[in-house]
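Here the sequence shown is numbered in our numbering, starting from 7 and rising by one per residue. In this text, a Cβ means the ideal position worked out from N, Cα and C, and glycines have one as well.
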Amino acid sequence: MQQIMEQAQQMQQQLMSAQQQLAEAEVSGSAGGGLVSAVVSGTGELKSVSIDPKAADPEDTETLSDLVVAAVRDANRVAQELQAEKMGPLGGALGGQGSGLGIPGM
7 MQQIMEQAQQ MQQQLMSAQQ QLAEAEVSGS AGGGLVSAVV SGTGELKSVS
57 IDPKAADPED TETLSDLVVA AVRDANRVAQ ELQAEKMGPL GGALGGQGSG
107 LGIPGM
């Protein structure tokens with residue numbers, strides 16, 4: 007029983023470390039051949055959006071809006087891949103499926 011408790015404590019420490027790494031990580035995505043880029047944290051929090059002046063056509067704001075949405079989605083996709091990489095092994099060990107850990111609150 008002591009060994010199981012030690013393993014659970016070690017897994018909890020690894021989980022906390024992975025969560026911290028995700029919170030500190032920043033990943034980017036882009037759209038329109040790099041005209042619009044977005045940076046999100048490893049947890050998916052939007053940090054910044056950059057727009058090349060060439061993309062800012064006052065006559066066509068709809069395309070610009072679409073590019074921003076696409077860049078944010080691309081960055082979030084990269085963040086989800088990072089989450090799966092960092093949390094995947096821990097999630098499986100804790101009985102989770104996919105990116106969820108199967109633990110309340112996680």
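Reduced DSSP secondary structure (H/G/I, E/B, other) of E30: Against the sequence shown, residue 30 aligns to sequence position 24. E30: helix per DSSP, three-state reduction.
Own chain residues within Cβ distance below 7 Å of G38, not counting five before or after: Position 32 of the sequence shown, counting from 1, holds the residue named residue 38. The answer, listed in chain order, is A61, L73.
A44 - DSSP class collapsed to helix/strand/coil: Here the question's residue 44 lines up with position 38 in the sequence shown. Strand.
Secondary structure of G35, DSSP reduced to three states: The sequence position of residue 35 within the sequence shown is 29, counting from 1. It is a strand residue.
Opposing strand residues paired with I57 [DSSP bridges]: As a first step, residue 57 is located in the sequence shown; it is residue number 51 there, counting from the start. DSSP output for I57 lists V42 as bridge partner(s).
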